[in-house]
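Take a look at the structure set out below.
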Amino acid sequence: MDLLAGLNTQQQQAVIAGLGPVLVMAGPGSGKTRVLTQRIAYLIGKMGVRPYNILAVTFTNKAAREMENRVINLLGESARGVTLGTFHATCARILRREAEHLPFNSNFVIFDEDDQMGLVKRVISDLNLDDKQYRPLAILNSISNAKNELILPDEYPLQTYRDEVVKRVYIGYQQMLLTNNAVDFDDLLLYTAFLLDDNPAVRERYARRYEHVLVDEFQDTNLAQYVLLRRLSSHHNNIFAVGDADQSIYRWRGADYRNVLRFEQDYPDAQVILLEQNYRSTQQILDVAMAVIDPNPNRSPKRLFTERSEGLKVMLHETYDDRQEASFIVDTIASLVGRQQIKPGDVAVMYRTNAQSRLLEEAFLHARLPYKLVGAQRFYGRREVKDIIAYMRLVHNPNDEPSLLRVINVPPRGVGDKTLQVLRTQAQKISLTPGELLFQMGRDGEQFKATFPHRAMIILVGFGELLSRWITQVGELDPLKIMDRIIDETDYHAYIDDGTDEGNDRWENVMELRRLASEYQDRTLSEFLENIALVSDQDTIETSANVPTLLTLHAAKGLEYPVVFISGLNEGTLPHSRSFDDPEAMQEERRLLYVGVTRAKDRLYLVYAQNRSAFGYPDPVEPSRFLSDIPDTLLDDTSSLRTMRLSNMTSFDSKKIQWESKRPGGASVILQRYHAGAHVQHPVWGDGMVLSSRIQDDDEIVDIFFENLGMKRVAASLANLKMKG
DNA sequence: GCATCGGATTTTTTT
DNA sequence: AATCCGATGC
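Pasting the structure below:
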């Protein structure tokens, strides 16, 4: 098989690059995923490297799965066995295997952000600090940043009094994690990095094993990740990094695109390969992309080119407010679909903040068009899902206090603050964690009779018995059976499903989780929980349903769509106001727009509004500064007509103006022209049938069912409907 | 121990 | 606008 078929010269160069460090600077759409997979296939198929000796790190689990499938497609089953996963998943695996060298045991759980917040709040209150003055989230961010920079609690640098506070919280927080036999996301990287630093024998074992280390999205690595890569590749020195500094959008999470520069300094002999040919977008779209990114300073210039045709002009559109922005987007999608120019699944609508999805969702709902939303209301964030997972985590590791606190009174058992406090102090007295004490109480309640008030005793022993039964059997049961026992013995169904629609939805979510657990028949509870902790929103993006996708610009990284709408191109939104006074952050906003623009293959719409609502109140806003960096000649501005009409009436009551402009001085009676069952023709949406019609505000509002679009509501004065038959 | 109410606070982006 | 928190009352 020819593993180089269909690759251009630069891509081939990258795939067959010799030993030693290689840096591939890959522009958007330049086929970097392809280069990575073909390189893995080449190493195995042509160079005789065993899959076992290859490590490939990606940004999302989805990317890892995709890459594995592609390699197996190329080479067959013999290609299985490459270590392929996200940084976090790879580190978690190493830490479990090497737990003997670490301050926790291999049953550790991974705390999510809620768990982390709970811990930080506890530490802050234990230290008698004011959580108004020291906001837990801000402190947690500082701790996280420190960890990403490989700074341990004792070494936390002190420049202000606040640093002093952060350091104390950091110390307490880290201790508390250990008592819980838990780590947070950042710890996965931190502990692995230090493990490899402090234990030369361990480092050597991994470094010898990984003859080839490959990294995707290199521009979004943080210091901890960079150091990890160096350690893991330290024996063979074959490190292959692919990235694009212009697409670095995770600075706030510690990512540092300067790692690309650092790489060139640390490996002066590195081969550097540039991928500039774009296989995704039309030239028009690429021109806009380059105009957007060009003003950023200190870039190594890249010139993107394509052999694709010029394509359509990029559309620019201004609306009166964010509500109209949403309906413009939905209407445009409907009309493109109606004219059969695109399929609904071709479309992605992107925005800066999750909050912006609400108006879009409403607009889709109003138009009765289906869509799918990435992120925001995440499946794993649902209360009922978190409850069940917390139960399972508790069974897996009784020291997991956040999980205990979450479920000890769910369904309600009459455990409140008072009982919890007693439980905690009693546990402390005999040096147990609350979970361990409960476990003991469940096995032999008698011996604790004197320590608890009668009522609390009964409740706690009852809960302890449940817990200890599950824990003693966990060895024999797979994740699904454990889940079923929990659901059954806590009567969770009756608790969560109150018979309402929402209750039913909640129960459905539990069943969905159950379906996921059923895929772990021959795997352990530990694996199940780990995978759940490390899934990301992007992993849940599925391309099967033929409906538009709504997602943040961050979530859009690495994806492509034939039709892209970027909404909210206003000052304060994109760029976000939080980056106004930080030039580095402002540059990242620009890169974010660049990422969005370069997701588009054929059609791109840039949309902004004159007014946006924040905290419930509308305010006038400026168009995004980035728009003025795009030459007019590259844009097709479709907003002028609508803008003039609407801007003329901003200071008046809009209903009145509409009325005056439409029917100056006329009588206020109009007749209903359309009736249910009538067949009509819409200039854009085609043929449809009238479902109902009514007179409202001197206009006729008609609900029409269109074959391709479903129900639409139109105003007769604007829609230009024709009667048929 | 639990439910309800009012007020404050919030919006960046997420492995 | 929506959620979270704390205080109050049962």
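Going from the first sequence to the working numbering is simple: count from 1 and add 5.
Glycine residues also receive a C-beta, built at the ideal position from the N, C-alpha and C atoms.
Under the criterion of beta carbons closer than 8 Å, Ala212 and Ser238 qualify as touching, at roughly 7 Å.
For Leu364, same chain residues with a beta-carbon under 8 Å away, outside a window of 5 residues either side, are Asp327, Arg328, Glu330 and Ala331 in chain order. Looking at Glu593, Glu594, Leu79 and Phe457, the one whose alpha-carbon comes closest to that of Leu48 is Leu79. Counting only the Cα atoms, Leu157 lies some 28 Å from Pro439.
Within the same chain, and ignoring the five residues on either side of Met181 in sequence, the residues whose Cβ sits closer than 6 Å to its Cβ are Leu124. Scanning Asn414, Glu535 and Leu555 for the CA closest to the CA of Ala187 turns up Glu535. In this structure the segment 565–578 touches the segment 609–626; the number of beta carbon pairs closer than 8 Å is three or more. When the Cα atoms are used, Arg630 and Asn575 turn out to be separated by approximately 8 Å. For Val695 and His687, the gap between their C-alpha atoms comes out near 11 Å. In the displayed model, Thr324 falls within a strand according to three-state DSSP.
For Asn58 and Glu216, the gap between their C-alpha atoms comes out near 5 Å. A distance of 8 Å or more separates the beta carbons of Met488 and Gly469. Distances from the CA of Cys96 to each of Leu442, Asp189 and Tyr376 were compared; the closest alpha carbon is that of Asp189. In this structure, DSSP gives Ala605 an extended state, which the three-state scheme calls strand. Residue range Arg388 to His401 is occupied by the alpha helix (DSSP H) that includes Met397. Excluding the 5 residues flanking it on each side, Ala275 has same chain C-beta neighbours closer than 8 Å at Gly25, Pro26, Val27, Leu28, Phe268 and Glu269, in chain order.
DSSP places Ser618 in the strand class (E or B) of the three-state scheme. Under the DSSP assignment, Thr42 falls in the alpha helix (DSSP H) whose first and last residues are Lys37 to Gly50. Nearest to Ile706 by alpha-carbon distance, out of Asp191, Ala681 and Trp690, is Ala681. Leu482 has its alpha-carbon roughly 21 Å from the corresponding atom of Lys391. About 16 Å separates the CB atoms of Asp225 and Ile298; that is not less than 8 Å, and the two are not in contact. Under the DSSP assignment, Tyr500 falls in the alpha helix (DSSP H) whose first and last residues are Tyr497 to Ile501. It is roughly 15 Å from the alpha-carbon of Ala605 to the alpha-carbon of Ile334.
When DSSP states are grouped into helix, strand and coil, Arg630 belongs to the helix group. Where Leu89 is concerned, there is no enclosing alpha helix (DSSP H), although the beta strand (DSSP E) around it starts and stops at Thr88 to Thr91. The C-beta of Gly693 has 16 or more other C-beta atoms within 10 Å across all chains shown, which makes the residue buried.
For Pro567, the enclosing beta strand (DSSP E) starts and ends at Tyr566 to Ile571. Contact between Thr91 and Asn66 is confirmed by a C-beta separation of about 6 Å, below the 8 Å threshold. When the beta-carbon positions are compared, Pro407 and Phe116 come within less than 8 Å of each other. For Asn150 and Leu539, the gap between their C-alpha atoms comes out near 19 Å.
Between the alpha carbons of Gly86 and Thr63 lies a distance of about 16 Å. In the three-state DSSP reduction, Tyr231 falls in the helix class (H, G or I). Between the alpha carbons of Ser35 and Val218 lies a distance of about 21 Å. Gln289: member of the alpha helix (DSSP H) spanning Gln288 to Ile298, first to last residue. Under the DSSP definition of a beta bridge, Thr63 partners with Thr91. For Arg173, the secondary structure class from DSSP, reduced to helix, strand or coil, is helix.
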